[in-house]
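Peer 1:
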Amino acid sequence: MTKPVVALKSVVIRFAGDSGDGMQLTGDRFTMDTASLGNDLSTLPNFPAEIRAPQGTLPGVSSFQLHFADHHVLTAGDAPDVLVAMNPAALKANIKELPKGAMLIVDKDEFTTRNLQKVGYETNPLEDGSLDGYSIHAIPLTSLTVGALAEVEISKKDAERSKNMFALGLLTWMYHRPTESTIKFLEAKFGKKPDILKANLLAYNAGWNYGETTEDFANTYEIAPAKMPAGKYKNISGNQALAHGLIAGAQQSGLQLFLGSYPITPASDILHELSKHKKFNVITFQAEDEIAAVGAALGASYGGALGVTTTSGPGIALKSEMIGLAVMLELPLIIIDVQRGGPSTGLPTKTEQADLLQVMFGRNGECPAVVIAASQPSDCFAMSLEAIRIATTYRVPVFYLSDGYIANGSEPWKIPNVSELPDLKVEFARTQENFLPYDRDPKTLARPWAIPGTKGLEHRIGGIEKADKTGAISYEPKNHDFMVRTRQAKIDNVEVPDLHVDDPTGDANVLFLGWGSTFGPIASAVEVLRSNGEKVAQAHLKYINPFPKNLGDVLNKYPKVITPEMNLGQLALLLRAKYLKDIISYNQVRGLPFSTAELVEAAMGVING
Amino acid sequence: MADIALTKKDFTSDQEVRWCPGCGDYSILSTMQSFLPEMGVPRENIVFISGIGCSSRFPYYLETFGVHSVHGRAPAVASGLAIARPDLSIFVITGDGDALSIGGNHLIHAMRRNVELKILLFNNRIYGLTKGQYSPTSEKGKITKSTPIGSLDTPFNPISLALGAEASFVARSVDSDRKHLTEVLRAATAHKGSALVEIYQNCPIFNDGAFDSVKDPSTKEGSLLQMVHGQPIKSAKYGVVKNDLHFEVKPLDQINEVDIIIHDAHHPDPSYAYALSRLSGSELEHVPVGYSAMLLDRVTHHWSTPNLMK
Ligand code: SF4
């Protein structure tokens with residue numbers, strides 16, 4: 001007997017458990033299976049900085065939220081429709097955000113007196129009525145898993161560890177997800193450990209069968225594929241898309257890609273990804289520290305490679321002096337800052353946008369550099385190409401900002417055709433008489449990229465101020481003034497696309513102006529506001545230094561401009577300084593993305609205020 | 610090979626040299642300019658990368674490619690260049706403050722990676738460019754502007770440090786000994802992998818005479834222990850013999866010539882070179898000069914990269 005199927009338009013599921021419970025993997029697998037069905041989706045992994053925080057405690061809770069739908073998805077969702085809580089800690093940490101009426105699936109076995117006490121539950125919430133109003137499914141997940149694995153010769157501990165696969169199997173059944181790719185994944189992951197593989201497969205199956213056979217679940221659910229522009233899609237995280245963009249861009253430029261990097265959360269996955277692609281002429285160099293990482297990248301650029309370094313805020317602080325040298329040497333360099341909560345070590349695994357002023361100004365002297373920012377995971381591919389275009393055309397360091405939300409979050413990305421990619425071919429200086437290393441292209445103000453090995457171009461450059469054209473050391477007052485202004489003019493002169501404003505009626509009074517990963521939450525809030533009959537415009541900055549040329553006009557057109565930022569108003573400060581516009585700054589620094597609801601509320605305050 | 614034979618003049622840039630009169634850097638520069646033609650590498654394939662300090666102005670004066678980079682970070686910049694461009698011959702020019710203080714981390718990692726870099730460390734045992742503070746190689750008790758009652762810190766022995774950092778080639782020479790320095794440069798450039806060459810360099814302004822005992826004609830024969838491959842390691846008055854664990858220096862008249870250690874410049878065990886490096890203390894009574902190129906079973910970093918690409 002098959003159970004009735006209910007059609008839904010969208011669902012938000014949150015998997016929550018101990019950091020050792022494999023919730024990220026479970027969420028990831030469910031996401032991949034969902035992507036293969038053609039739903040649009042967005043994810044929000046949220047995990048502690050400690051690899052294994054004390055078991056069963058609130059700080060040890062790790063969660064993964066997935067929003068998928070039959071239509072365009074902009075965020076990972078404000079609140080879950082389904083919460084899977086693997087223990088009391090996961091329940092306690094997440095229940096506040098679960099709206100009444102939502103489905104709650106818990107591992108009953110974990111609700112022991114000891115575990116309840118650990119997180120301060122005086123009575124068992126499964127029994128004391130405090131969860132009334134939820135659709136609760138208290139399942140003995142651990143014992144069912146162990147029971148299903150009776151025939152496998154593994155320890156009880158290993159058997160228990162497979163319970164995440166039981167949960168995954170159950171949800172897979174409930175939402176009609178395909179099972180092939182997860183089975184393949186498990187086979188690849190545990191191929192060398194047949195017992196563990198068997199245990200995972202059995203647990204996965206048992207979860208699926210549990211849904212099908214018990215009376216606990218009356219329905220299953222179906223979410224039709226979303227209508228997306230034709231093409232081939234791949235579910236991709238921001239870090240992966242960024243890495244793929246770098247490889248594609250380097251290929252288009254004909255340059256070797258050289259990554260100098262020091263491991264740091266949440267940027268390390270870019271290093272991991274790029275280190276797999278040596279065959280695309282990619283060299284990855286894990287340096288001894290952040291300074292060496294950017295130094296080696298700059299050395300490689302000097303030699304004619306595309307030098308890239310990846311890091312997060314603390315790493316930028318260390319790299320600053322070397323970036324100053326790159327500004328002086330006027331060589332291409334891409335500095336990727338996957339921002340996280342700061343200052344200092346801050347919140348390593350949480351998201352924030354508070355490095356903007358650091359990358360704009362955090363160097364000695366007048367030391368301008370280009371700053372661009374990706375708006376969502378799939379956008380990272382395109383912005384990598386832009387970083388390469390700008391760095392190589394103008395021979396400048398380019399700061400490319402991402403953040404923890406974009407880096408770890410994922411969504412479907414339309415794989416582009418190679419023929420659609422821009423031509424980024426680069427020309428090095430050729431052998432010539434009387435070579436002048438600081439002679440400039442009149443249009444771009446770029447100096448020649450004169451790489452070692454080119455006869456007749458021998459020259460010496462460094463961090464000391466240089467004379468115009470010859471590049472020889474110069475302490476001459478007028479020359480310094482000229483060179484400082486020229487380096488600034490070069491950045492101001494970088495061509496970036498105009499800012500696109502989405503204002504369907506053309507007569508909105510209020511403009512939402514964001515940058516970086518706030519794109520999804522803002523767009524989602526704008527959707528809600530418009531469906532409520534409000535007129536709001538939206539624009540999103542991907543180019544921050546220099547700003548798009550039409551930005552001043554855009555700001556002038558709208559009486560009220562709201563800028564939500566996950567910092568205390570850094571873009572707002574830049575906009576006010578440059579355009580003398582009284583920006584309405586809306587800020588939070590909780591380490592999590594904005595919710596749609598809070599942005600709607602903020603906008604209503606402005607509209608009515 | 611260069612198509613026409615180059616001369617010293619071809620390697621001399623048009624920049625005015627701006628070291629203090631009498632600075633040891635002049636003689637090192639002159640020796641380098643004379644040595645480069647012998648390397649047979651076209652000028653455009655040679656790159657000098659320096660950090661910050663008096664010695665780090667070196668690249669400006671050579672008609673090759675050159676980068677005057679960031680304080681202490683030359684090995685990092687040079688490593689990136691060497692890995693991306695294995696076709697180039699790259700020298701790192703650094704000093705005791707640049708290499709051993711602010712840039713210590715980069716130096717040791719360049720050594721252990723065995724990147725194809727020739728690192729020339731001009732050791733004057735003082736901070737010159739900042740006008741006379743003590744450096745990581747200044748002797749204990751040194752009175753300088755920043756240590757009015759004498760420095761408390763134990764100095765580094767750069768050669769011992771490099772060996773501890775898994776260097777595959779170490780050498781020591783003296784600024785004014787053009788012939789010896791040339792020989793050392795020849796050996797360093799012939800070596801596959803990173804080479805650390807310590808060059809004692811006099812700073813007549815802030816630390817004049819620091820190396821007199823190894824430069825003064827009346828004393829140098831007695832204090833310089835010559836390390837020549839296949840020859841006994843000795844000075845005019847002393848020889849190096851085995852003791853319990855390591856080596857020791859004894860007056861020639863107290864030992865048998867046959868007991869003197871015969872230098873094996875390619876001794877595979879770095880403990881051998883380490884033992885030699887311990888013979889020189891900061892008082893410079895006995896200073897081994899020469900080189901040790903250990904035939905370590907190690908590939909250089911840039912050699913390994915193409916292998917990884919398969
Ligand atoms: S201060 Fe000393 S080391 Fe520096 S240039 Fe003058 S003499 Fe040479």
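Chains as they are written, first to last, in the working numbering: chain A, 1 to 609; chain B, 610 to 919. Ideal placement from N, C-alpha and C gives every residue a C-beta, glycine not left out. In this text, all values refer to a predicted model and were calculated from it rather than measured experimentally.
Using a Cβ-Cβ cutoff of 7 Å, what residues of the stretch 701-728 of chain B are near chain A? List them in chain order.
Peer 2: Correct list: 714, 715, 718.
Peer 1: Beta carbons nearer than 9 Å to chain B: which residues of the stretch 316-341 of chain A have them?
Peer 2: Within the stretch 316-341 of chain A, the qualifying residues are 321, 322, 324, 325, 329.
Peer 1: Between A:157, A:518, A:443, A:156, which lies nearest to residue 589 of chain A when the distance is taken from Cα to Cα?
Peer 2: Taking the first sequence and counting its residues from 1, the one referred to as residue 589 of chain A is at position 589. That would be A:518, whose Cα lies nearest to the Cα of residue 589 of chain A.
Peer 1: On a Cα-Cα basis, can you pick out the residue from B:625, B:636, B:656 that is closest to residue 784 of chain B?
Peer 2: Residue mapping note: residue 784 of chain B aligns to position 175 of the second sequence, counting from 1. The candidate whose alpha carbon is nearest that of residue 784 of chain B is B:636.
Peer 1: Note down, in chain order, every chain A residue with its Cβ under 9 Å from the Cβ of residue 802 of chain B.
Peer 2: Here residue 802 of chain B is taken as the residue at index 193 of the second sequence, counted from 1. Result: empty, since nearest Cβ-Cβ is about 17 Å, beyond 9 Å.
Peer 1: What number of angstroms, rounded off, separates the C-alpha of residue 591 of chain A from the C-alpha of residue 351 of chain A?
Peer 2: What you label residue 591 of chain A is simply residue 591 of the first sequence in a count that begins at 1. What you label residue 351 of chain A is simply residue 351 of the first sequence in a count that begins at 1. Looking at the two C-alpha atoms, the distance is approximately 5 Å.
Peer 1: Can you tell which of B:892, B:864, B:857, B:650 has the C-alpha that lies nearest to the C-alpha of residue 763 of chain B?
Peer 2: Residue mapping note: residue 763 of chain B aligns to position 154 of the second sequence, counting from 1. Looking at the Cα atoms, B:892 is the closest of the given residues.
Peer 1: Is the closest heavy atom of the ligand SF4 to the C-beta of residue 663 of chain B under 8 Å?
Peer 2: For the purposes of this step, residue 663 of chain B is taken as the residue at position 54 of the second sequence. Yes; taking the cut-off as 8 Å, the Cβ of residue 663 of chain B has a heavy atom of the ligand SF4 nearer than that.
Peer 1: Strictly by DSSP, which residues pair up with residue 103 of chain A?
Peer 2: Residue 103 of chain A sits at position 103 when you count from the first residue of the first sequence. The partner list for residue 103 of chain A (beta bridge, DSSP) reads A:82, A:135.
Peer 1: From residue 185 of chain A to residue 899 of chain B, what distance separates their C-alpha atoms?
Peer 2: In the first sequence, counting from the first residue as 1, residue 185 of chain A sits at position 185. In the second sequence, counting from the first residue as 1, residue 899 of chain B sits at position 290. The straight-line gap from Cα to Cα measures roughly 58 Å.
Peer 1: Mapping DSSP to helix, strand and coil, what is residue 121 of chain A?
Peer 2: Translated into the one-based positions of the first sequence, residue 121 of chain A becomes position 121. The answer is coil: DSSP assigns residue 121 of chain A none of H, G, I, E or B.
Peer 1: Using only CA atoms, which one of A:297, A:406, A:42 lies nearest to residue 286 of chain A?
Peer 2: The residue labelled residue 286 of chain A in the question sits at position 286 within the first sequence. The candidate whose alpha carbon is nearest that of residue 286 of chain A is A:297.
Peer 1: Check whether the Cβ of residue 729 of chain B lies closer than 8 Å to any heavy atom of the ligand SF4, and answer yes or no.
Peer 2: Here residue 729 of chain B refers to the residue found at position 120 of the second sequence. Answer for residue 729 of chain B: no, Cβ out of range of the ligand SF4.
Peer 1: Can you list the residues of chain A that residue 697 of chain B reaches, using a CB-CB cut of under 8 Å?
Peer 2: Residue 697 of chain B sits at position 88 when you count from the first residue of the second sequence. Result: 303, 452, 453.
Peer 1: According to a CB-to-CB cut-off of less than 7 Å, which residues of the stretch 671-690 of chain B neighbour chain A?
Peer 2: Cβ contacts with chain A come from 672, 673, 674, 675, 676, 677, 678, 679, 682, 685, 686, 687, 688, 689, 690.
Peer 1: So, is the C-beta of residue 508 of chain A closer than 9 Å to a C-beta in chain B?
Peer 2: The residue given as residue 508 of chain A occupies position 508 in the first sequence. Chain B contact via Cβ: absent.
Peer 1: Per DSSP, what are the beta-bridge partners of residue 16 of chain A in this structure?
Peer 2: In the first sequence, the residue the question calls residue 16 of chain A occupies position 16. DSSP lists A:63, A:85 as partners of residue 16 of chain A.
Peer 1: List, from N- to C-terminal side, the beta strand (DSSP E) runs of 3 residues or more that fit wholly inside the stretch 210-288 of chain A.
Peer 2: Segments of the beta strand (DSSP E) lying fully in the stretch 210-288 of chain A: 220-223, 233-237, 257-261, 282-286.
Peer 1: Find the residues of chain A that neighbour residue 653 of chain B, judging by a C-beta separation of less than 8 Å, and give them in chain order.
Peer 2: Reading the second sequence from its first residue, position 44 is the one you call residue 653 of chain B. Within chain A, the residues near residue 653 of chain B are 452, 453, 454, 455, 456, 457, 458.
Peer 1: Just the chain B side, please: which residues come within less than 7 Å of residue 391 of chain A by C-beta, in chain order?
Peer 2: Residue mapping note: residue 391 of chain A aligns to position 391 of the first sequence, counting from 1. Within 7 Å Cβ-Cβ: nothing; residue 391 of chain A doesn't reach chain B, min ~15 Å.
Peer 1: Cα separation between residue 85 of chain A and residue 254 of chain A?
Peer 2: Locating residue 85 of chain A in the first sequence gives position 85, counting from the first residue. Locating residue 254 of chain A in the first sequence gives position 254, counting from the first residue. Approximately 50 Å between the Cα atoms of the pair.
Peer 1: Quick check on the burial criterion: 16 or more other C-beta atoms within 10 angstroms. Buried or exposed for residue 610 of chain B?
Peer 2: Position 1 of the second sequence holds residue 610 of chain B. Because the pLDDT of residue 610 of chain B is 46, which lies under 50, any placement of that residue in the model is unreliable, and the question is left without a value.
Peer 1: Starting from residue 674 of chain B, trace the beta strand (DSSP E) both ways and give me its first and last residue.
Peer 2: Taking the second sequence and counting its residues from 1, the one referred to as residue 674 of chain B is at position 65. First-last of the beta strand (DSSP E) with residue 674 of chain B: 674-677.
Peer 1: What does residue 436 of chain A touch in chain B if you count any residue whose Cβ is under 7 Å from its own?
Peer 2: Taking the first residue of the first sequence as 1, we reach residue 436 of chain A at position 436. The contacting residues do not exist; residue 436 of chain A stays about 13 Å from chain B at best.
Peer 1: Return the bridge partner residues of residue 341 of chain A from the DSSP annotation.
Peer 2: Numbered from 1 along the first sequence, position 341 holds the residue referred to as residue 341 of chain A. Residue 341 of chain A is bridged to A:347.
Peer 1: Using a Cβ-Cβ distance under 9 Å, would residue 668 of chain B count as near chain A?
Peer 2: Numbered from its first residue, the second sequence carries residue 668 of chain B at position 59. Chain A contact via Cβ: present.
Peer 1: Measuring straight from C-alpha to C-alpha, what distance separates residue 550 of chain A and residue 191 of chain A?
Peer 2: Position 550 of the first sequence, counted from the start, is the residue given in the question as residue 550 of chain A. Position 191 of the first sequence, counted from the start, is the residue given in the question as residue 191 of chain A. Looking at the two C-alpha atoms, the distance is approximately 56 Å.
Peer 1: Answer with yes or no whether the minimum CB distance from residue 254 of chain A to chain B is below 9 Å.
Peer 2: Residue mapping note: residue 254 of chain A aligns to position 254 of the first sequence, counting from 1. With 9 Å as the cut-off, residue 254 of chain A does not count as an interface residue toward chain B.
Peer 1: When burial is assigned at 16 or more other CB atoms within 10 Å of the CB, is residue 121 of chain A buried or exposed?
Peer 2: Taking the first residue of the first sequence as 1, we reach residue 121 of chain A at position 121. With 16 or more Cβ atoms within 10 Å of its Cβ, residue 121 of chain A is classed as buried.
Peer 1: Check for me: the beta strand (DSSP E) holding residue 815 of chain B runs from which residue to which?
Peer 2: Start at 1 with the first residue of the second sequence, and residue 815 of chain B comes out as number 206. Segment: none, residue 815 of chain B is in no beta strand (DSSP E) and carries neither H nor E.
Peer 1: When you measure from the CB of residue 732 of chain B to every non-hydrogen atom of the ligand SF4, does any distance come out below 8 Å?
Peer 2: The count along the second sequence starts at 1 and reaches residue 732 of chain B at position 123. No.
Peer 1: Residue 587 of chain A by DSSP, collapsed to three states: which one?
Peer 2: Taking the first sequence and counting its residues from 1, one reaches residue 587 of chain A at position 587. Correct three-state label for residue 587 of chain A: strand.
Peer 1: Should the stretch 506-518 of chain A be regarded as contacting the stretch 559-573 of chain A, the criterion being three or more beta carbon pairs within less than 8 Å?
Peer 2: Output reads yes: the stretch 559-573 of chain A touches the stretch 506-518 of chain A.
Peer 1: Out of curiosity, what's the CA-to-CA distance linking residue 452 of chain A and residue 747 of chain B?
Peer 2: For this step, residue 452 of chain A is matched to residue 452 along the first sequence. For this step, residue 747 of chain B is matched to residue 138 along the second sequence. Cα to Cα, residue 452 of chain A sits roughly 37 Å from residue 747 of chain B.
Peer 1: Please indicate yes or no: does the CB of residue 813 of chain B lie closer than 8 Å to some heavy atom of the ligand SF4?
Peer 2: Here residue 813 of chain B corresponds to residue number 204 of the second sequence, with the count starting at 1. Indeed, a heavy atom of the ligand SF4 lies less than 8 Å from the Cβ.
Peer 1: Measure the alpha-carbon distance for residue 365 of chain A versus residue 162 of chain A and round it to whole angstroms.
Peer 2: As a working note, residue 365 of chain A is residue 365 in the first sequence. As a working note, residue 162 of chain A is residue 162 in the first sequence. Between residue 365 of chain A and residue 162 of chain A, the C-alpha separation is close to 56 Å.
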